[in-house]
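Last residue of the sequence shown: 223 (this note's numbering), numbering continuous. Cβ coordinates follow ideal geometry from the N, Cα and C atoms, glycine included. Computed from a predicted model, the values in this text were never measured in an experiment.
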Amino acid sequence: MKFFIDTANLEDIKDAQDMGILDGVTTNPSLMAKEGITGIDNIMKHYVAICNIVDGDVSAEVISTDFEGMVKEGEALAELHEQIVVKLPMIKDGIKACKYFSDRGIKTNVTLVFSPGQALLAAKAGATYVSPFIGRLDDISTDGLNLVAEIRHIYDNYAFETQILAASVRHTMHVIDCAKLGADVMTGPLSSITGLLRHPLTDSGLEKFLADYKKGN
Ligand code: G3P
7 MKFFIDTANL EDIKDAQDMG ILDGVTTNPS LMAKEGITGI DNIMKHYVAI CNIVDGDVSA
67 EVISTDFEGM VKEGEALAEL HEQIVVKLPM IKDGIKACKY FSDRGIKTNV TLVFSPGQAL
127 LAAKAGATYV SPFIGRLDDI STDGLNLVAE IRHIYDNYAF ETQILAASVR HTMHVIDCAK
187 LGADVMTGPL SSITGLLRHP LTDSGLEKFL ADYKKGN
């Protein structure tokens, strides 16, 4: 399973990249705003800065909601850097734009996916990635992981090449469950990745090994 980090924070991206386990980055307008990145020029520069840190795909989201606007924005984003993936909302014009970009060999990520039918449409349109939002479904008492399982089943039935990018991952158990279900990619905050490191028996075991070494040296 690929590990993407869901942030526009350069320090967190560097941290995950330095661990050697990072495969890409996802961003969205809310994450950009959280880092105080505003204005189209600054936003474009920030995408390039992210691409220069990570070896892998970087999802950059359009803010237009009409086909022409999405195509114009997506083309400008794709020209920024070869690692850019054009992130499109799961609406009718977003699907049309997804087909437009996939026909031209430009990578896409269809976002805000909350149902198997939406994921089926994204695959039909040739999306590189489909992003089911697990945490936001859990937030409304609906099983987000079940959506990942349903999409995996449908995609496997027809050998769709669209990769399932489990998004809105909030914590380590989401990561582990996504891996069990066969998600191709997960994207979450740095804490959902570093949390996987922790186990009290690792800490106490290491402490004892070091103490025993000191006794003999
Ligand atoms: O990748 C989608 C993500 O940014 C949404 O996460 O935690 O805001 O639901 P969250």
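key: Residues near L202 by beta carbon distance below 7 Å, same chain, minus five either side   = Excluding its 5 nearest sequence neighbours in each direction, L202 has C-beta neighbours in its own chain below 7 Å: T178 and V181, listed in chain order.
request  = Put K93 into one of helix, strand or coil per three-state DSSP.
outcome  = Three-state DSSP puts K93 in a strand.
request  = Count the other C-beta atoms from every protein chain shown that fall within 10 angstroms of the C-beta of D218, then say buried if there are 16 or more, exposed otherwise.
outcome  = Answer is exposed; the Cβ neighbour count stays below 16.
ask   = Where does G30 fall in DSSP's three states?
value = Of the three classes helix, strand and coil, the one that applies to G30 here is strand, per DSSP.
query = Since A131 and I101 are thought to touch, with beta carbons under 8 Å apart, how far apart are those beta carbons, to the nearest angstrom?
reply = Right, their Cβ atoms sit about 5 Å apart.
Buried/exposed call for Y164, threshold 16 Cβ in 10 Å = In this structure Y164 is exposed. Its beta-carbon is surrounded by fewer than 16 other beta-carbon atoms within 10 angstroms.
query = So, using beta-carbon positions, are G30 and V68 closer together than 9 Å?
reply = Taking 9 Å as the Cβ cut-off, G30 and V68 do not qualify as a contacting pair.
key: Sufficient close CB pairs (3 or more, under 8 Å) joining the region 76-85 to the region 23-39   = The answer is no - the region 23-39 does not touch the region 76-85, with fewer than three Cβ pairs under 8 Å.
request  = Please go through the region 38-101 and give each complete beta strand (DSSP E) segment of 3 or more residues, from N-terminal end onward.
outcome  = Correct list: 63-67 and 90-95.
T44 versus E79 - alpha carbon distance = Straight-line Cα distance between these residues: approximately 16 Å.
message = Measuring CB atoms only, is the region 144-152 touching the region 110-117, in the sense that at least three cross pairs come out at less than 8 Å?
response = Two segments are said to touch when three or more pairs of C-beta atoms, one from each, lie closer than 8 Å; by this definition the region 144-152 does not touch the region 110-117.
query = Can we count G141 as close to the ligand G3P, meaning its CB is less than 8 Å from some heavy atom?
reply = At least one heavy atom of the ligand G3P lies closer than 8 Å to the C-beta of G141.
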